[in-house]
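Here the structure comes first, spelled out in structure tokens, and everything after it is commentary.
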Amino acid sequence: MQINFTTSTLEALYFWEKKEVLRAKLSLPILKKYRKAILDLYNATSFPEIWKIRSYNLEKVEDHWSMKLNDQRRLEIEFSKDWETNVVDILQISNHYNEIIR
Numbered sequence: 027m028q029i030n031f032t033t034s035t036l037e038a039l040y041f042w043e044k045k046e047v048l049r050a051k052l053s054l055p056i057l058k059k060y061r062k063a064i065l066d067l068y069n070a071t072s073f074p075e076i077w078k079i080r081s082y083n084l085e086k087v088e089d090h091w092s093m094k095l096n097d098q099r100r101l102e103i104e105f106s107k108d109w110e111t112n113v114v115d116i117l118q119i120s121n122h123y124n125e126i127i128r
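Next comes the structure, spelled out in structure tokens:
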């Protein structure tokens, strides 16, 4: 799938840019799971392939989707309207306490 980051911060976190990693104040396990989730999305050929990965607990939230990174953090994504084009927009990392990283 093609990955589009909605903000430069999310892209910098994926590429482990030190300045953004320190600014985001995320733990190393969360950053590793974030990177793994992006790689899994990139390597997937279709939406059902991601749906089958049970550990992500993929669920619909309003007009986008949410993937579980751990018990507290979720990666919010949006699939293109036409799933055949296989485009995923990375929206944000959020938690249950409404802290959002964009």
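One point on numbering: in the working numbering, the residue at position 10 of the sequence shown is 36, and numbering is uninterrupted. Each residue gets a CB set at the ideal place from its N, CA and C atoms; glycine is no exception.
Going by DSSP, name the residue or residues bridged to V113.
Q28
By DSSP's criteria, V47 is part of a beta bridge. Which residues make up the other side?
Looking at the DSSP assignment, V47 forms no beta bridge with any residue, so it has no partner.
Candidates L84, K78, Q28, N96: closest to K58 by CA position
N96
What residue from E104, Q98, F105, D115 has the CA that sits closest to P55's CA?
Q98
In terms of DSSP beta bridges, what is E85 paired with?
S92
Taking only the alpha-carbon atoms, compute the straight-line gap between T33 and L117 and give it to the nearest angstrom.
8 Å
Output needed for I79: all residues of its chain with C-beta closer than 7 Å, excluding positions within five of it in sequence on either side, in chain order.
D66
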